[in-house]
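To start, the structure itself, in structure tokens.
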Amino acid sequence: ALHMERAIVGAVAIVRLAHPLPTLLNAAVAAALAIVAGARLEQAGLAAATMLGIHSCIGSLNDVFDQARDAGRREKPLALGTVSKRAALVLAVVGLGGGLVAASLLGPSALVLAVVGAACGIAYDAGVKDTPLSWLPFALGVGVVPLFAWAAVGLDAPPPILGLSVAAIPGGAAVALQNGLADRVLDERAGLHSAVVRIGERRAQSLALLAHGAAIGAVLVVSPPGASFGALLV
């Protein structure tokens, strides 16, 4: 019974290393967009598997790089010692490898976009998050997702989807700033110099609103006359 309990605790810790909520959300969005683009079931599954693998890698590496800073945070299994650094690195390697293999089965364009998305996330983990450009990898990574969904079915993204991808960049920046605002106190305590910490709460809030406005404006600009937002995905 004790061995079973330890195994369960270890499995839960591994899952938490992968940052399951954003990882599953990205996988679901990629699969849904691929289906809208005309993907077969297996293509949508590979699109989801790509995101699951890559984001598991990004989440795990984030905790590896932040292990010292996360000391005492009960929601961080690596910092608490409930999972080893070696296990976290294995998860990162397996996740990245599995995600890129899944992308390669979708074709060269999907693989290239998957590499770009992975590079954005890993760059964030490796130190960009501690700079004024901490929002940029997130913004670019979000912008890649619509392009990846169309590449998953071997198609070039149509103009409205290209516009949606561009609109996703300021939208992603806004979400990144909001995440930074939520973590501002913890980041300050950890000595992290993210964009939100550097510019302050009020300016970050204002910039997040402006970025959301830019994203909405971009969507309206690329929308066909009289079309709803949903028409962009048809």
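In my numbering, the protein residues as written are 3 to 236.
Glycine is no exception: its CB is placed at the ideal position from the N, C-alpha and C atoms.
Keep in mind the model is a prediction, meaning the values are calculated, not measured.
query: Leaving out the 5 sequence neighbours to the left and right, which residues in its chain are closer than 7 Å to proline 134 when beta-carbon positions are compared?
result: In the sequence shown, counting from the first residue as 1, residue 134 sits at position 132. Correct list, in chain order: Ala197 and Arg200.
task: Select from Asp72, Ile124 and Ala210 the residue whose C-alpha is nearest the C-alpha of arginine 191.
output: In the sequence shown, residue 191 corresponds to position 189, counting from 1. Of the listed residues, the one whose Cα sits closest to arginine 191 is Asp72.
message: Threshold first: 4 residues or longer. Then list the alpha helix (DSSP H) segments lying entirely within the region 30-87, N to C.
response: Fully enclosed alpha helix (DSSP H) runs of 4 or longer: 43-67 and 79-82.
task: Give me the Cα-Cα distance between glycine 156 and proline 162, rounded to the nearest whole angstrom.
output: Position 154 of the sequence shown holds residue 156. Position 160 of the sequence shown holds residue 162. Approximately 17 Å, taken between the alpha carbons.
message: Here's a check: name, in chain order, each residue in its chain whose Cβ is nearer than 7 Å to the Cβ of alanine 216, leaving out the five neighbours to either side.
response: If you number the sequence shown from 1, residue 216 lands on position 214. Hits under 7 Å: Pro172.
query: Does DSSP classify proline 22 as helix, strand or coil?
result: The residue given as residue 22 occupies position 20 in the sequence shown. Here proline 22 sits in helix by DSSP.
task: Determine the DSSP secondary structure at glycine 232, reduced to helix, strand or coil.
output: Working through the sequence shown from its first residue, we reach residue 232 at position 230. Annotation note: pLDDT 46 at glycine 232 (below 50); position unreliable, coordinate value reported separately. If DSSP states are grouped into helix, strand and coil, glycine 232 belongs with the helices.
query: Is leucine 194 helix, strand or coil when you go by DSSP?
result: Translated into positions along the sequence shown, residue 194 becomes position 192. The answer is coil: DSSP assigns leucine 194 none of H, G, I, E or B.
- request: With DSSP collapsed to three states, give me the class of alanine 116.
  value: Start at 1 with the first residue of the sequence shown, and residue 116 comes out as number 114. Shown here, alanine 116 sits in a helix according to DSSP, grouped into three states.
query: Which stretch, first to last residue, makes up the alpha helix (DSSP H) that contains arginine 142?
result: Translated into positions along the sequence shown, residue 142 becomes position 140. Residue 142 is actually leucine in this sequence, not arginine. Taken as a continuous stretch (DSSP letters only), the alpha helix (DSSP H) holding leucine 142 covers 138-153.
task: Rounded to whole angstroms, what's the CA-CA distance from alanine 15 to glycine 97? Just pull it up for me.
output: Here residue 15 refers to the residue found at position 13 when the sequence shown is read from its first residue. Here residue 97 refers to the residue found at position 95 when the sequence shown is read from its first residue. So the alpha carbons of these two residues sit roughly 15 Å apart.
message: I want to check one thing, is the minimum distance from the CB of phenylalanine 67 to the heavy atoms of the ligand FMN below 7 Å?
response: By its list of ligands, the structure shown contains no ligand whatsoever, and the ligand FMN lies outside what it can speak to.
- request: Put glycine 109 into one of helix, strand or coil per three-state DSSP.
  value: Residue 109 sits at position 107 when you count from the first residue of the sequence shown. Three-state DSSP puts glycine 109 in coil, outside helix and strand.
- prompt: Are alanine 90 and serine 62 touching if we call contact CB-CB under 8 Å?
  reply: For the purposes of this step, residue 90 is taken as the residue at position 88 of the sequence shown. For the purposes of this step, residue 62 is taken as the residue at position 60 of the sequence shown. For alanine 90 and serine 62, yes; Cβs fall inside 8 Å.
- request: Assuming cysteine 59 contacts glycine 101 (C-beta within less than 8 Å), just tell me the rounded distance between them.
  value: What you label residue 59 is simply residue 57 of the sequence shown in a count that begins at 1. What you label residue 101 is simply residue 99 of the sequence shown in a count that begins at 1. Contact holds; Cβ gap of about 7 Å.
field: Close beta carbons around glutamine 180, own chain, < 6 Å, minus the five adjacent residues each side
entry: By 1-based counting over the sequence shown, the position of residue 180 is 178. Only Ala210 meet the Cβ criterion.
Straight-line Cα distance separating phenylalanine 67 from alanine 94: Here residue 94 refers to the residue found at position 92 when the sequence shown is read from its first residue. Here residue 67 refers to the residue found at position 65 when the sequence shown is read from its first residue. If you take the alpha carbons of alanine 94 and phenylalanine 67, they lie about 12 Å apart.
query: Span of the alpha helix (DSSP H) holding glycine 173?
result: To locate residue 173, count along the sequence shown from 1; it is residue 171. Note, glycine 173: alpha helix (DSSP H), 161-184.
message: To the nearest angstrom, how far is the alpha carbon of isoleucine 238 from that of leucine 23?
response: Beyond the ends of the chain as shown, which are 3 and 236, falls residue 238; an answer cannot be given.
- prompt: Under 8 Å, do alanine 151 and alanine 220 count as touching if we go by C-beta distance?
  reply: The residue given as residue 151 occupies position 149 in the sequence shown. The residue given as residue 220 occupies position 218 in the sequence shown. For alanine 151 and alanine 220, no; Cβs fall outside 8 Å.
query: Do you know whose CA, among Gly123, Leu149 and Gly129, lies nearest proline 139's CA?
result: The count along the sequence shown starts at 1 and reaches residue 139 at position 137. Checking every option, the nearest Cα to that of proline 139 belongs to Gly123.
message: alanine 49 and alanine 128 - do their beta-carbons sit closer together than 8 Å?
response: Residue numbering aside, residue 128 sits at position 126 when the sequence shown is read from its first letter. Residue numbering aside, residue 49 sits at position 47 when the sequence shown is read from its first letter. Going by C-beta atoms, alanine 128 is not nearer than 8 Å to alanine 49.
query: Looking at leucine 80 and leucine 26, is the spacing between their C-beta atoms short of 8 Å?
result: Within the sequence shown, residue 26 is the residue found at index 24, counting from 1. Within the sequence shown, residue 80 is the residue found at index 78, counting from 1. No, the Cβ-Cβ distance between leucine 26 and leucine 80 is not below 8 Å.
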